[in-house]
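For reference, the structure discussed in these notes is given below.
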Amino acid sequence: MPESGMLHEFLDGGRVDAAVFALRPDYRALLLAVDGLVPGPSEQTSEELLRAAETAAEDLIDRLTGLGPDVRVARRLIAATTIIDEGH
0 MPESGMLHEF LDGGRVDAAV FALRPDYRAL LLAVDGLVPG PSEQTSEELL
50 RAAETAAEDL IDRLTGLGPD VRVARRLIAA TTIIDEGH
């Protein structure tokens, strides 16, 4: 179990490139450092919670940006194509 100092050090090391703020001055990031999680296979409940959180986040982004699900789908296709092109 890492000491809390290690977790704080990890969080303190987080950086956002200046180019990001030049492009989007309103950009925000949330970093989490968690201790004590035991890795294991996913279960149905955790998968459902993750899907619900993802849907809620996407809906919020759509409302805040005025972009709809079509833009979200296009971005996912671009990301998937990039991953395939990079051979991942």
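Numbering (numbering that gives the first Met the number 0), first residue to last: 0 to 87.
Virtual Cβ for every residue (Gly too), placed ideally from N, Cα, C.
Quick caveat, the model's predicted, so the values are computed rather than measured.
Tell me whether the beta-carbon of residue 10 lies closer than 9 Å to the beta-carbon of residue 28. no
Out of curiosity, what's the CA-to-CA distance linking residue 34 and residue 8? 13 Å
Contact test: residue 14 Cβ vs the ligand MG heavy atom, cutoff 8 Å: Although the ligand MG was asked about, the structure shown includes no ligands whatsoever.
Cβ atoms of residue 36 and residue 13: under 9 Å apart, would you say? no
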